[in-house]
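Novice:
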Amino acid sequence: AQSVTQPDIHITVSEGASLELRCNYSYGATPYLFWYVQSPGQGLQLLLKYFSGDTLVQGIKGFEAEFKRSQSSFNLRKPSVHWSDAAEYFCAVGANGQNFVFGPGTRLSVLP
Amino acid sequence: DAMVIQNPRYQVTQFGKPVTLSCSQTLNHNVMYWYQQKSSQAPKLLFHYYDKDFNNEADTPDNFQSRRPNTSFCFLDIRSPGLGDAAMYLCATSRDRSGEQFFGPGTRLTVL
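Going down the list, the protein sequences come from chains A and B.
Using the working numbering, read the first sequence as starting at 90 and increasing by one per residue.
Using the working numbering, read the second sequence as starting at 146 and increasing by one per residue.
#1: For A:A67, count neighbouring Cβ atoms within 10 angstroms of its own Cβ and tell me buried if that reaches 16, exposed if not.
#2: Please compile the residues from chain A whose C-beta is within a distance smaller than 7 Å of the C-beta of B:R212.
#3: Is there a Cβ of chain A sitting closer than 7 Å to that of B:I251, yes or no?
#4: Let me see if you follow: with CB-CB separation under 7 Å, is B:P188 close to chain A or not?
#5: Pairing CB atoms from the region 119–127 of chain A with CB atoms from the region 175–190 of chain A, are three or more of them under 8 Å?
#6: For A:P193, decide whether its Cβ has a neighbour in chain B, counting only Cβ atoms nearer than 7 Å.
#7: Given a cut-off of 7 Å, decide if A:R166 and A:E109 are closer than it, judged by their beta-carbon atoms.
#8: First and last residue of the beta strand (DSSP E) that includes A:N164?
#9: Whole-angstrom Cβ separation of B:L199 and B:S217, contact assumed at under 8 Å?
#10: Taking Cβ to Cβ, would you say A:L135 is nearer than 7 Å to B:E245?
#11: Roughly how far, in whole angstroms, is the beta-carbon of A:P168 from the beta-carbon of A:S107, given that I think they are within contact range, below 8 Å?
#12: So B:S243 contacts chain A; which residues on that side make the cut at Cβ distance below 7 Å?
#13: Which residue or residues does DSSP assign as beta-bridge partners of A:I149?
#14: For B:Y148, which residues in the same chain have their Cβ closer than 7 Å to its Cβ, ignoring the five residues on either side in sequence?
#15: Span of the beta strand (DSSP E) holding A:E109?
#16: Rounded to whole angstroms, what's the CA-CA distance from A:F156 to B:Y194? Just pull it up for me.
#17: Whose Cβ in chain B lies nearer than 8 Å to the Cβ of A:F152?
#18: What residue does the beta strand (DSSP E) around A:R158 start on, and which one ends it?
#19: Specify whether the region 158–170 of chain B and the region 191–199 of chain A touch according to this definition: at least 3 beta carbon pairs, one from each stretch, less than 8 Å apart.
#20: Please classify B:G229: does DSSP put it in a helix, a strand, or coil?
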């Protein structure tokens, strides 16, 4: 069965600084990988996804993520964070025919 | 726009009083999911429907039931809510089990 870890429970960055949120997964084959964002009291919104092909994936709101098979990672990045990016971020892993497994989430705070 | 709709957004019930949460979708997706999310935690899958096939997670309490009368609608019934059932309940849909999931805004359940 697949599993997901997000090592950072809470990250604080200054507005305009770069951001990297870490995600590591465990799965025997190539997984389907997702990043979701959740603002307080809201549902989850898909930022980006990786199924196959180019390992650098572009998403919405200026986010990108890179799939590194050798490191079993799918880290999320943004070159310049905006105050509106403060939210909870979830990495998720899917596998063919199986349900998602969500990571525990990373809460992002943005300092003005 | 195609979307996932959850009603109501906020639900207050009394301890032990049955409650039903509603989810509808205009995406015509095969799979509908119900998740429970408690504060600062990842969503926890309760069950899902693949078309008419119901799939219950092993650790979902018997107190939680679901109905999917047609492709568009899915209901979550909590037969005897306890204080521990207070949470955000998220509905999601996907075309197939391992594809990206589209989430509704959630229903915040309060148990008095």
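Cβ coordinates follow ideal geometry from the N, Cα and C atoms, glycine included.
Specialist: So, from the data block:
#1: Any property of residue 67 of chain A remains undetermined from this structure, which presents chain A solely from 90 to 201.
#2: Near B:R212 there are no residues of chain A at all, since even the closest Cβ is about 20 Å away, more than 7 Å.
#3: Looking at the sequence itself, residue 251 of chain B is Gly, so the reference to Ile does not match. It does; some Cβ of chain A falls within 7 Å.
#4: Closer than 7 Å: yes.
#5: yes
#6: yes
#7: yes
#8: S162 to K167
#9: The question names Leu, but residue 199 of chain B in the sequence shown is Phe. Wrong, their Cβ atoms sit about 16 Å apart, outside the cutoff.
#10: yes
#11: 5 Å
#12: Y121, G183, A184, N185, G186 and Q187
#13: Bridge partners of A:I149: none, in fact.
#14: The sequence shown places Met at residue 148 of chain B, rather than the Tyr named in the question. So the list reads T171, once near-sequence residues are dropped.
#15: L108 to L110
#16: When rounded, the distance between both Cα atoms is 30 Å.
#17: Simply none; closest approach about 15 Å.
#18: Per DSSP, A:R158 belongs to no beta strand (DSSP E) and is neither H nor E.
#19: no
#20: helix
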